Amino acid sequence: MANLHVALQDGFDDDTVEVRIDGRTIYRRDGVTTLTQISRADALDVEVDGQVNVEISLPRRNVSSIVTVPERPGGVYLGISVVRDVIVHRLSEEPFGYA
Amino acid sequence: MSLMTGPSAEPADRPANDEETLQSYLPWPPRFPLAASGLYTWTLLWPPFRAPEPRIPERIPIPDPGPRFAPGSNGAKGEASERAFAEVSDTADSWLFPVLKEQVRIDVDGRYPQMAVSGDMTIGFRTSIHWIANLTQTGSGTYAGAIWYKDPVTASFPYTSVVVETFGGWFPLTRTARITFGGPNVQRIRTYRYTSPYFHDVNLEVDCQTGETAAMSIDTCAHPNRPAALPCETLTIPQVFRRAGFDVTSSPGGPVPIAGAGANAAWSNQEMHDAMQVYWSRYAPNAQWAAWVFFASLHEWGTSLGGIMFDDIGPQQRQGTAIFNDSFISSQPGGDPAPAAFVSRMLFWTAVHETGHAFNLAHAWQKSLTSGGHGPWIPLVDEPEARSFMNYPYNVNGGTTAFFSDFEYRFSDQELLFMRHAPSRFVEQGNALWFDHHGFQAADTVPEPALALVLRVNRERPVFEFLEPVTIELKLTNSTTRPQVVSERVLDLDQGITFMVKKDGRPSRQVVPFARYCLETAARVLAPGESMYAPLLASVGRNGWDLATPGNYTIQALLHLPSGEDIVSNELQVRVAPPRSFDDEVLAQDFFTDDVGRVLAFEGTRVLGDATETLMAITEKLPHRRVAAHANLVLGNVLAKEYKTLTEDVTDKVQPLRIKTLPASQDEAKERLIAALTTAPEQSAETFGHVRFRETVDRMATWLAGEGETKEAYKQEEILLETLSAREVHGRKVLGSVLQEIKETRDSFAPRAGAKSRAGAK
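Protein chains in written order, with this note's numbering: chain A, 281 to 379; chain B, -11 to 750.
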């Protein structure tokens, strides 16, 4: 098992956000809004086993995206942003820093 | 110069200097060539100093400023340089009030010149016009360019170009700048006196949590990974902002006890905001060029947060920032050749970065972002690779190594343009809300719009009684020589109009209509010079009562056309007077409610009982006040005809909902409508505005005629005609064509021989 950190970062504006891992909903929240001065809206940590498919949905905007997250023993950091109604992501093996 | 293209154009061997300013003005020996950039001022009470020639010598080569203005195309440059100091008088400017003060910020040389000039003009005691122009050097000490930004866009400032001529010698008092404003058939010349090499003063007060230190300076050459041409110096935070155009003074504070962070010894945003109010010596509930910088150990979110501009609470925002010394920014990267220097650099970067947010700077990759209705002040380009304090070093391609190899401890050109030349309220701490005007979303205006939008009130002084609903008149005029086609409903609040109300000292609020109508609308052709008008209830909308409490307000509207062009109105200043009596204050508690707002907006109700009772109380307790006219109007409207309501019969399980028709009450309706409109017609014309006054009297007369009371209808139209014929506001009378229409309407109700009236009619 390894830690998967999912960070909701830029572009969230009073959105309903759902996060599913391999089809299982692990996060659903309304009113998710980015604090623009640090480019971070919310974050969650979940223990995963091996490679997983992470689906992020914004039902109000009718957009979703699936990211395949590889297995990393030291943990993986997945940053999710919304740019002009398109969900973009970035993967890192280092924690995200905000300022 | 864009940071996305490479290193600075500054000479590589320029000496470092701890006392460096935007420019030097020491007379002898000169350490730097003279520069023209800086703040220049003109005031009504102190006429400008008229300095003799020669001009300031040319300085080092000027970078490419971008879009260019063709010198001489406005015809002003050659003439102005030959002429003596010929000033255009303020009366020639056609402002109602004199111009009291003007400031211009010339930005053509010195550190990171933006080849721009901006100005502020204070007219009377309240109105301010802000403008910005790009500049190209056209001669020794002479620059010219097009004005591309105006706030507000107003007929009072019709100029579209400037020519800037700088004069003077070594001594600051001898320096002046003469600006010739050009435009279609207009010209204006003003001479300004040099005031400062900086555009604004700002104070930074620094406090530290007990046991923490403040990273206020950096040895720029301590880490080997840096641009080869980077000057070696001990760079301070105040110096960074001085190079951006701000005369920063930093005042040391004192220790802030960790107890303020609570039992977990980690700070929340609210705790820091509380600490700011206690420990910041300049804390005050108003905008000021000052910010509090707090060095603490850790935020409650943990080590992932290196710093934050935490002050996004309340009406005065962006006054406090914090840096967390024990967060990730203090982590020494493995394998780094100078880990301690790396950390010092990250701490310094974070401190400037957070302070930059206090100047309303967004992150480099967010420049075009709109969030929560707030967006950039002008269309901006995202700069994800910018080597700017406002970027995250670890987010660029190649990470911190690539970033710092190319970083010159500066802001980007877009950021400098904003900080130096945007309207100061967008930048000043405590003024525009965070991200609002990184800005207030910029209007897509054109230099010479085809349509002009004016907001006005039909009274000599724009003062409204307490409780009096504020009705604004919108006037849209075709200002071209060709017909313009617009929608018939173009001025309706639920169509393309955005209407903003701002009370002094409070954030702007948008008046949102209670309802939006989906209607098939006809097109209307406005002939050259023709206008169309519409009344608008400005006091209340779905967002609540934003124009209610006593005080001064600024109102402005933006009309968004289907073509994508925005037409921005003038800023209309109005005042709401204080309550006159105890009754006012008691009634206000029930009057300023959502229900009453809806009733006024929809002009009546027979189901919102509490609102109806409040309005009836208004008419009984304040019968001669203007609010009573509004109350009588809406109370009378719904009694004039049958009224359908939806009721529920809970005993009927099959079809519980029923439509119930309430009968009209013509006598009471007539009494209230006449009380609202024509018992005190002068007052009614003023409180409803001429357009709405006419519309409602016409409607009442048509109703009376339909009830068989044509004689009464004629009488009401006669009162309307007499009242509007006598009205004159600021020397402006009601249009003759309108009076003629009213006359024709009146005559259509003229009693005919043999006509019968309704039985029992009064």
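Every residue gets a Cβ at the ideal spot worked out from N, C-alpha and C, and that includes glycine. Since this is a predicted model, take the numbers as computed values, not measurements.
- If you ignore the 5 residues before and after Thr468(B), its C-beta comes within less than 8 Å of the C-beta of Ala438, Pro516, all in its own chain and listed in chain order.
- With the criterion set as a beta carbon lying under 9 Å from some beta carbon of chain B, the members of the stretch 314 to 342 of chain A are Thr314, Leu315, Thr316, Gln317, Ile318, Ser319, Arg320, Ala323, in sequence order.
- By the 16-neighbour rule on beta-carbons within 10 angstroms, Tyr180(B) is buried.
- Non-local C-beta neighbours of Arg530(B) in its own chain, meaning closer than 8 Å and more than five positions away in sequence, comprise Val500, Pro501, Phe502, ordered along the chain.
- Between Pro538(B) and Ala510(B), the CB-CB gap reaches or exceeds 8 Å.
- Setting aside the 5 residues that flank it on each side, Asp686(B) is surrounded in the same chain by Thr733, each with a C-beta closer than 7 Å to its C-beta; the list follows chain order.
- Straight through space, the alpha carbons of Leu727(B) and Ser736(B) are spaced by roughly 14 Å.
- As a beta-bridge residue in DSSP terms, Met488(B) pairs with Gln498(B), Gln544(B).
- A distance of 8 Å or more separates the beta carbons of Gln483(B) and Leu514(B).
- The straight-line gap separating the alpha-carbon atoms of Gly597(B) and Leu634(B) is approximately 15 Å.
- For the pair Gly677(B) and Leu712(B), the Cα-to-Cα distance works out to about 11 Å.
- Among the residues of the stretch 335 to 351 of chain B, those with a Cβ less than 9 Å away from any Cβ of chain A are Trp337, Thr338, His341, Glu342, His345, Ala350, His351, in the order of the chain.
- Burial check for Gln417(B): the Cβ neighbour count within 10 Å reaches 16 or more, so the residue is buried.
- The way I'd put it, the stretch 273 to 293 of chain B does touch the stretch 304 to 315 of chain B; three or more beta-carbon pairs between them come closer than 8 Å.
- Around the CB of Met281(A), fewer than 16 other CB atoms lie within 10 Å, so the residue is classed as exposed.
- Considered as a whole, the stretch 183 to 261 of chain B harbours 188 to 197, 205 to 207, 222 to 224, 234 to 244 as its complete beta strand (DSSP E) runs of no fewer than 3 residues, in chain order.
- For Arg563(B), the enclosing beta strand (DSSP E) covers residues 560 to 564.
- Here Thr465(B) has Ala440, Ser519 as same chain residues with Cβ atoms under 6 Å from its own Cβ, once five neighbours each way along the sequence are excluded.
- Residue-level contact check: Phe395(B) does not touch chain A, since none of the beta carbons of chain A fall below 8 Å from its beta carbon.
- Along the stretch 280 to 298 of chain B, the positions whose C-beta sits under 9 Å from a C-beta of chain A are Trp289, Thr291, Ser292, Leu293, Gly294, Gly295, Ile296, Met297, Phe298, read in chain order.
- Glu396(B) carries a coil assignment under DSSP once its states are collapsed to helix, strand and coil.
- Taking a Cβ-Cβ cut-off of 7 Å, the neighbours of Ser359(B) in chain A comprise Asp293, Thr314, Thr316, given in sequence order.
- Residue contact check for Tyr378(A) against chain B: a CB pair falls below 8 Å.
- When the alpha-carbon of Val556(B) is set against those of Ser292(B), Gly295(B), Pro140(B), the nearest one is in Pro140(B).
- Thr316(A) and Met264(B) have their C-alpha atoms roughly 21 Å apart.
- Annotation for Pro669(B): the continuous alpha helix (DSSP H) segment containing it runs 669 to 676.
- Nearest C-alpha to Arg364(A) among Gln102(B), Ala24(B), Gln354(B): Gln354(B).
- The beta carbon of Tyr521(B) sits closer than 7 Å to the beta carbons of Glu461, Leu462, Lys463, Val679 from its chain, once the five residues preceding and following it are set aside; these are given in chain order.
- Pro353(A) is outside the set of residues whose beta carbon lies under 8 Å from a beta carbon in chain B.
- Closest in C-alpha terms to Ser239(B), from the list Val190(B), Glu591(B), Ala249(B), Arg231(B), comes Val190(B).
- Taking 8 Å as the CB threshold, Phe229(B) stays off the interface with chain A.
- Only buried fits Ile94(B), as 16 or more other CB atoms lie within 10 angstroms of its CB.
- Using a Cβ-Cβ cut-off of 9 Å, Phe155(B) is close to nothing in chain A; its nearest Cβ partner there is about 43 Å away.
- The beta carbon of His261(B) sits closer than 7 Å to those of Phe298, Asp299, Ile301, Gly308, all from its chain and outside the five residues before and after it, given in chain order.
- Taking C-beta separations shorter than 7 Å and ignoring five residues to either side along the sequence, the partners of Ala693(B) in its chain run Ala701, Phe737, following chain order.
- The straight-line gap separating the alpha-carbon atoms of Gly291(A) and Ile301(A) is approximately 22 Å.
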